[in-house]
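Some notes on the structure that comes next.
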Amino acid sequence: SAVISQKPSRDICQRGTSLTIQCQVDSQVTMMFWYRQQPGQSLTLIATANQGSEATYESGFVIDKFPISRPNLTFSTLTVSNMSPEDSSIYLCSVLDRGDTEAFFGQGTRLTVV
Amino acid sequence: DAKTTQPPSMDCAEGRAANLPCNHSTISGNEYVYWYRQIHSQGPQYIIHGLKNNETNEMASLIITEDRKSSTLILPHATLRDTAVYYCIVSRNTDKLIFGTGTRLQVFP
Numbered sequence: 001s002a003v004i005s006q007k008p009s010r011d012i013c014q015r016g017t018s019l020t021i022q023c024q025v026d027s028q029v030t031m032m033f034w035y036r037q038q039p040g041q042s043l044t045l046i047a048t049a050n051q052g053s054e055a056t057y058e059s060g061f062v063i064d065k066f067p068i069s070r071p072n073l074t075f076s077t078l079t080v081s082n083m084s085p086e087d088s089s090i091y092l093c094s095v096l097d098r099g100d101t102e103a104f105f106g107q108g109t110r111l112t113v114v
Numbered sequence: 001d002a003k004t005t006q007p008p009s010m011d012c013a014e015g016r017a018a019n020l021p022c023n024h025s026t027i028s029g030n031e032y033v034y035w036y037r038q039i040h041s042q043g044p045q046y047i048i049h050g051l052k053n054n055e056t057n058e059m060a061s062l063i064i065t066e067d068r069k070s071s072t073l074i075l076p077h078a079t080l081r082d083t084a085v086y087y088c089i090v091s092r093n094t095d096k097l098i099f100g101t102g103t104r105l106q107v108f109p
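Sequence order for the protein chains is A and B. All residue numbers in the first sequence are consecutive under my numbering, ending with 114. All residue numbers in the second sequence are consecutive under my numbering, ending with 109.
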């Protein structure tokens, strides 16, 4: 199993600012994903973080708003840019190794934008 | 990926079996059925998955109908710690897990 550490675990941010969330895995993994979970809602996939290339974004999410980095096989960052109160959500990192059927999730970053 | 339909909520007495249904009538032949759960304030946790045959592990059993249009997740002896939102997901692989609204299971004493 993979152990995922997300930082920060929570933050309160001013509107118009940006926050970078880090996801660190204790082993090399093939795939890393970023999800958003708005209050009381299910999880929505934001993008797949690709190592060495641009992330693959899902419909409704764009790189300018959610830039993602993945410099190696154990680390990724998600930035929430120019934040508004509507960005208040839990952001979760997920990982999967090729050939595995079980995806692992971090504990999430609880973001409140005021 | 096929769409799934789950009841929004269910109750279960502690110690009894919890049977959580999922409809996936548009499932295609190469799509698996995955179950995850999310306990409050935690990330989702994998439970079980299957293609055609029934599956069992230390956490649960998965019963898939012969036509594969529906399935049931069975927690044989529910405990209070099983209170969570349970997600049924149909996907060709785990590369992209698309979460539906899930079933909120409340286990009561």
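Glycine residues also receive a C-beta, built at the ideal position from the N, C-alpha and C atoms. Keep in mind it's a predicted model, so treat the numbers as computed, not measured.
With 16 other Cβ atoms within 10 Å as the buried cut-off, status of residue i
{"i": "Pro-39/A", "result": "exposed"}
{"i": "Thr-121/B", "result": "Because chain B here runs from 1 to 109, residue 121/B falls outside it and cannot be looked at."}
{"i": "Ala-60/B", "result": "buried"}
{"i": "Ile-89/B", "result": "buried"}
{"i": "Phe-108/B", "result": "exposed"}
Between the CA atoms of residue j and residue i - distance to the nearest angstrom
{"i": "Pro-8/B", "j": "Thr-101/B", "result": "7 Å"}
{"i": "Asn-57/B", "j": "Ile-48/B", "result": "7 Å"}
Cutoff 7 Å: residue i Cβ touching any chain B Cβ
{"i": "Gly-99/A", "result": "no"}
{"i": "Glu-102/A", "result": "yes"}
{"i": "Phe-105/A", "result": "yes"}
Of the listed residues the options, nearest to residue i (C-alpha basis)
{"i": "Lys-7/A", "options": "Thr-77/A, Ser-59/A, Asn-50/A and Ser-1/A", "result": "Thr-77/A"}
{"i": "Gln-24/A", "options": "Cys-93/A, Thr-101/A, Ala-103/A and Gly-99/A", "result": "Cys-93/A"}
{"i": "Ser-53/A", "options": "Phe-104/A, Thr-44/A, Met-31/A and Gln-14/A", "result": "Met-31/A"}
{"i": "Thr-72/B", "options": "Pro-109/B, His-40/B, Pro-44/B and Val-33/B", "result": "Val-33/B"}
{"i": "Ile-46/A", "options": "Val-114/A, Glu-102/A, Phe-104/A and Ile-90/A", "result": "Ile-90/A"}
{"i": "Ser-5/A", "options": "Ser-88/A, Ile-21/A and Arg-15/A", "result": "Ile-21/A"}
{"i": "His-77/B", "options": "Asn-23/B, Thr-5/B and Ala-17/B", "result": "Ala-17/B"}
Residues bridged to residue i [DSSP beta-bridge criterion]
{"i": "Leu-75/B", "result": "Ala-18/B"}
{"i": "Thr-20/A", "result": "Thr-79/A"}
{"i": "Thr-11/A", "result": "The sequence shown places Asp at residue 11/A, not Thr. For Asp-11/A, which the question treats as bridged, DSSP gives the partners Leu-111/A."}
CB contact check: residue i to chain A, cutoff 7 Å
{"i": "Gly-43/B", "result": "yes"}
{"i": "His-24/B", "result": "no"}
{"i": "Thr-103/B", "result": "no"}
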